[in-house]
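**Q** My questions all concern the structure below.
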Amino acid sequence: MTRMTSDRIDLIRLARTDGIGPVNFRRLLARHGNARAALDALPHDVARAGRQALHVPTIVHIEDEIAATARLGGRLIVWGDPDYPALLSDINDAPPVLSVMGNAALLSTPGIGIVGARNASAAGIRMSEALAAGLAGAGLCVVSGLARGIDAAAHRASLHAGLTVAAIAGGLDRVYPSEHAALQAEIAEKGCLVTEAPLGTTPQSRHFPRRNRLIAGITLGSVIVEAAFHSGTLITARLAQSYGRELFAVPGSPLDPRSRGSNALLRDGAILTETVSDILAHLPGHGVSGLSRPSNGPAPHAPYTVASLTPARKPPPDRPPPSEKALEHVRELLSPTPIPVDDIVSRCQFSVSVVVAALSELELGGFAALLPGGQVVSLPQERQ
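Heads up: the sequence shown at position 373 corresponds to 373 in my numbering, and the numbers run straight through without jumps.
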């Protein structure tokens with residue numbers, strides 16, 4: 001277990017501060033050099049952003065969270081730790097802190113996400129089971145969201161091999177849905193549970209896009225098995241695409257509403273998936289030899305290694321503070337409906353770097369929230 005130094009406690013304090021999202025977490029580290037300096041400068045930074053104050057957890061509060069997590073059998077992994085998942089750290093909104101229970105090495109094991117409808121058909125469940133069992137048999141980790149239907153089928157089919165990760169929306173001490181209590185406990189014992197939510201967090205609708213970001217972020221690609229046209233499952237698909245990962249979809253009957261979303265993904269270029277071979281053929285190296293174990297000799301194909309995608313573990317350089325004109329104009333373009341950051345850029349005369357800096361300042365000021373997958377939404381001011 002990585003020792004919780006005072007520096008790492010300060011990192012968790014900064015990450016757990018209300019109004020500090022993943023993008024601002026890294027930006028503040030870049031601006032001030034370390035978490036302690038960022039915490040010391042926070043009153044000035046939020047005042048400049050137009051906010052009175054932010055609630056910063058105390059050292060004792062974080063130490064209590066660490067101890068309580070350990071009593072459950074879990075631990076916290078901080079962005080920049082050697083065992084932080086390499087693929088996840090590659091995304092620009094990587095969670096600063098992960099709460100993990102079980103075999104954390106699975107988070108860095110090459111894997112594939114399998115997600116889909118909660119009200120899945122019998123055929124969809126059979127397909128999820130077949131794909132999950134085949135992927136686990138090939139040494140790949142199966143990652144899903146512990147929901148009813150497709151997710152649960154994928155976990156159960158890969159659990160026998162100990163190659164499954166459940167990304168959950170609430171704290172490690174919360175079970176959702178309640179009927180999956182035994183399954184969640186078994187995954188914690190034989191596989192791995194992961195969340196970015198602190199202990200005591202009860203899952204709410206706004207938490208699930210973060211859960212979906214974990215599924216898309218720690219995997220080489222995601223398979224969509226049955227998804228309605230406006231399904232939350234499609235959030236995972238969009239995130240996988242935005243992170244440059246492979247997107248697979250299982251075709252379904254056009255008469256079944258549960259397949260309209262996945263069929264639409266196929267029309268838009270997702271890889272048609274009927275068997276495990278359809279997935280393996282599109283992974284780096286065109287196979288899985290060498291994916292999950294070191295090679296003792298020449299491989300017929302260039303083996304994929306997680307290390308090849310590991311970025312430098314340091315925050316990106318900070319950008320200069322945006323002008324008042326930029327802040328005002330970008331804020332005017334926001335609405336309560338999530339909008340891609342790219343759309344904000346296209347609607348104003350400022351560069352991408354200026355828009356991102358403005359959005360970071362607006363988040364710090366409590367005027368906006370940066371969402372997973374490069375979207376942003378305005379916040380009602382009574383929340384300040």
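For each residue, glycine too, the CB sits at the ideal point set by N, CA and C.
Computed from a prediction, not measured in an experiment: that's the story for all the values here.
(1) Between R213 and the rest of its own chain, which residues show a CB-CB distance below 6 Å, the 5 nearest in sequence each way excluded?
(2) Do you know offhand how far E65's Cα is from T273's?
(3) Going by DSSP in three states, L172 sits in which element: helix, strand or coil?
(4) Tell me whether the stretch 115-134 and the stretch 223-238 touch, counting them as touching only if at least three CB pairs, one residue from each stretch, are closer than 8 Å.
(5) Excluding the five sequence neighbours on either side, which residues of its own chain have a C-beta within less than 7 Å of the C-beta of H180, listed in chain order?
(6) Quick one: grab the DSSP three-state call for I20.
(7) Candidates L362, V354, S351, A369: which alpha carbon is nearest P338's?
(8) S335: which of F208, C348, V377 sits nearest, CA to CA?
(9) State the DSSP-derived secondary structure class of T233, mapped to helix, strand or coil.
(10) Expressed to the nearest angstrom, what Euclidean distance is found between the alpha-carbon atoms of V97 and D268?
(11) Could you give the DSSP three-state label for E65: helix, strand or coil?
(12) Comparing alpha-carbon positions, which option in S323, T275, L255, G244 lies nearest P284?
(13) Go to G113, then tell me how far its beta strand (DSSP E) extends in each direction, as first and last residue.
(14) Tell me which same chain residues have a C-beta within less than 6 Å of the C-beta of H55, skipping the five on either side of it?
(15) Nearest-angstrom Cα distance between I218 and T236?
(16) Does DSSP put R313 in a helix, a strand or coil?
(17) Of all the options I150, I215, R31, L327, which has the alpha carbon lying nearest to the alpha carbon of I91?
(18) Give the list of continuous alpha helix (DSSP H) stretches no shorter than 4 residues that lie fully inside the stretch 194-280.
(19) Taking I62 and I9 to be in contact with their CB atoms under 8 Å, please state how far apart those CB atoms are, rounded to whole angstroms.
(20) Would V288 be called buried (16 or more neighbouring beta carbons within 10 Å of its own) or exposed?
(21) Just reading off the beta strand (DSSP E) that Q375 is part of, what are its end residues?
(22) For the beta strand (DSSP E) containing I77, list its first residue and its last residue.
(23) For S253 versus S259, is the C-beta distance shorter than 7 Å?
(24) Compute the Euclidean distance between the alpha carbons of L87 and R331, then round it to the nearest angstrom.
(25) With which residues is V192 paired in a DSSP beta bridge?
(26) Which word fits V165, buried or exposed, when buried means at least 16 other C-beta atoms lie within 10 angstroms of its C-beta?
(27) Is the beta carbon of S121 closer than 7 Å to that of T195?
(28) If you draw a straight line from the alpha carbon of G80 to that of L255, how long is it in whole angstroms?
(29) Of the residues A38, L11, P198, P95, which one's Cα is nearest the Cα of A67?
(30) Across the stretch 70-79 and the stretch 132-149, are there enough close Cβ pairs to call them in contact, namely three or more that are closer than 8 Å?
(31) What does the alpha-carbon distance come out to for the pair A154 and V356?
(32) Report the residue from G124, I112, S89, P85 whose alpha carbon sits nearest the alpha carbon of A105.
(33) Can you check which of these residues, P340, V250, A358, is closest to I125 by C-alpha distance?
(34) Assuming Y176 and I168 form a contact by the criterion Cβ under 8 Å, report the distance between their Cβ atoms to the nearest whole angstrom.
(35) Can you tell me which of the three DSSP states A153 falls into?
(36) Roughly how many angstroms lie between the CA atoms of T201 and R347, to the nearest whole one?
**A** Checking against the coordinates, here is how it stands:
(1) L239, P372
(2) 42 Å
(3) coil
(4) yes
(5) L146, A152
(6) coil
(7) A369
(8) V377
(9) helix
(10) 34 Å
(11) helix
(12) G244
(13) 111-116
(14) D18
(15) 12 Å
(16) At R313 the pLDDT is 45, less than 50, meaning the model places this residue with poor confidence and gives no usable figure here.
(17) I215
(18) 208-217, 233-242, 260-267, 276-280
(19) 5 Å
(20) Confidence in V288 is poor, its pLDDT being 44 and thus under 50, which makes the residue's placement unreliable; the coordinate value appears in the next sentence. It is buried - the Cβ of V288 has at least 16 other Cβ atoms within 10 Å.
(21) 375-378
(22) 74-78
(23) yes
(24) 32 Å
(25) The residue you asked about is not Val; residue 192 is Cys in the sequence shown. Paired residues: G102, V165.
(26) buried
(27) no
(28) 48 Å
(29) P198
(30) no
(31) 37 Å
(32) P85
(33) V250
(34) 7 Å
(35) helix
(36) 37 Å
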